[in-house]
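K.L.:
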Amino acid sequence: MRSLTAAFLRLDKVTTLAVGIAASVALAVAVAAGFWQVTTRFLLESPATWSEALVRLALIWMVLLGLAVTLRQGALVSIDIAHRYSTGPAKRAIEAVALFSTLFLLAVLFWFGWEMTNRVRFQEMAGLEISISWGYAAIPVGAVFAAIGAIANFLDYRSEELEAAV
0 MRSLTAAFLR LDKVTTLAVG IAASVALAVA VAAGFWQVTT RFLLESPATW
50 SEALVRLALI WMVLLGLAVT LRQGALVSID IAHRYSTGPA KRAIEAVALF
100 STLFLLAVLF WFGWEMTNRV RFQEMAGLEI SISWGYAAIP VGAVFAAIGA
150 IANFLDYRSE ELEAAV
């Protein structure tokens with residue numbers, strides 16, 4: 000069992016790093032495209048047709064990929080009074096309930112994200128002239144990576160935010 004946990008945590012380390020880099024790149028793309036949009040609109044008085052759609056697409060991917068990193072670090076906002084004042088098995092039970100609730104929500108996101116991605120695959124995103132399913136694909140992809148992060152956080156809890164928040 001320990002080797003399976005260790006293998007999963009190694010997988011998590013690689014995926015969290017990759018997803019964190021991808022989310023950072025998405026943010027950089029959004030900033031660059033937004034800067035280009037403002038420059039062309041107000042300085043050149045000829046706005047680019049593609050930059051607004053690219054900003055929106057990049058921000059969607061950034062948020063949904065960043066969710067995995069956030070879950071892995073245990074950095075989501077929470078109501079933690081029960082967790083803070085419990086110990087032993089009760090504390091672990093609260094963490095398990097939180098994990099299963101999170102995984103249920105991520106499964107719902109995956110399912111409906113997958114359905115929407117397939118449903119809109121023949122529609123094009125205005126300005127970019129690519130399938131709008133590239134935007135919707137962020138939902139199931141982000142849900143998978145977020146589930147990995149949530150499970151890894153449960154197996155190897157290392158959030159100091161609760162202690163630092165006092």
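Numbering of the sequence shown is given in numbering that gives the first Met the number 0, commencing with residue 0 and proceeding in unit increments. For every residue, glycine included, the Cβ atom is placed at its ideal position computed from N, Cα and C.
Compute the beta-carbon to beta-carbon distance between Val62 and Gln36, rounded to the nearest angstrom, for a pair I have assumed lies under 8 Å.
P.N.:
Position 63 of the sequence shown, counted from the first residue, corresponds to residue 62. Position 37 of the sequence shown, counted from the first residue, corresponds to residue 36. At roughly 19 Å, the Cβ-Cβ gap does not stay under 8 Å, so Val62 and Gln36 are not in contact.
K.L.:
Nearest-angstrom Cα distance between Asp155 and Ser45?
P.N.:
Numbered from its first residue, the sequence shown carries residue 155 at position 156. Numbered from its first residue, the sequence shown carries residue 45 at position 46. Between Asp155 and Ser45, the C-alpha separation is close to 52 Å.
K.L.:
Which of the three DSSP states is assigned to Ser170 in this structure?
P.N.:
In this structure the chain extends from 0 to 165, so residue 170 is not present and cannot be described.
K.L.:
Please state the DSSP three-state secondary structure of Glu123.
P.N.:
Translated into the one-based positions of the sequence shown, residue 123 becomes position 124. Strand, per DSSP.
K.L.:
At which residues does the alpha helix (DSSP H) containing Asp11 begin and terminate?
P.N.:
Position 12 of the sequence shown, counted from the first residue, corresponds to residue 11. Note, Asp11: alpha helix (DSSP H), Arg1 to Val37.
K.L.:
On the DSSP letters alone, give me the boundaries of the alpha helix (DSSP H) that Ile93 sits inside.
P.N.:
For the purposes of this step, residue 93 is identified with residue 94 of the sequence shown, where counting begins at 1. That run of the alpha helix (DSSP H) goes Gly87 to Arg118.
K.L.:
Quick check on Ser130: does DSSP put it in helix, strand or coil?
P.N.:
The residue given as residue 130 occupies position 131 in the sequence shown. In the structure shown, Ser130 sits in a strand (DSSP, three-state: E or B).
K.L.:
Please report the straight-line C-alpha distance between Ser23 and Leu66, rounded to a whole angstrom.
P.N.:
To locate residue 23, count along the sequence shown from 1; it is residue 24. To locate residue 66, count along the sequence shown from 1; it is residue 67. Approximately 12 Å, taken between the alpha carbons.
K.L.:
Please go through the same chain and pick out, in chain order, the residues whose beta-carbon is closer than 7 Å to the beta-carbon of Val143, but skip the five residues on each side of it.
P.N.:
If you number the sequence shown from 1, residue 143 lands on position 144. Excluding sequence neighbours, Val143 sits near Phe109.
K.L.:
Answer with buried or exposed for Asp11, where buried requires no fewer than 16 other C-beta atoms within 10 angstroms of its C-beta.
P.N.:
If you number the sequence shown from 1, residue 11 lands on position 12. The residue in question, Asp11, is buried, as its Cβ has 16 or more Cβ neighbours within 10 Å.
K.L.:
What three-state label does DSSP hand Leu75 in the structure shown?
P.N.:
Your numbering for residue 75 matches position 76 in the sequence shown. Three-state DSSP puts Leu75 in coil, outside helix and strand.
K.L.:
So, Leu64 versus Gly141, is the Cβ gap smaller than 8 Å?
P.N.:
Translated into positions along the sequence shown, residue 64 becomes position 65. Translated into positions along the sequence shown, residue 141 becomes position 142. Yes.
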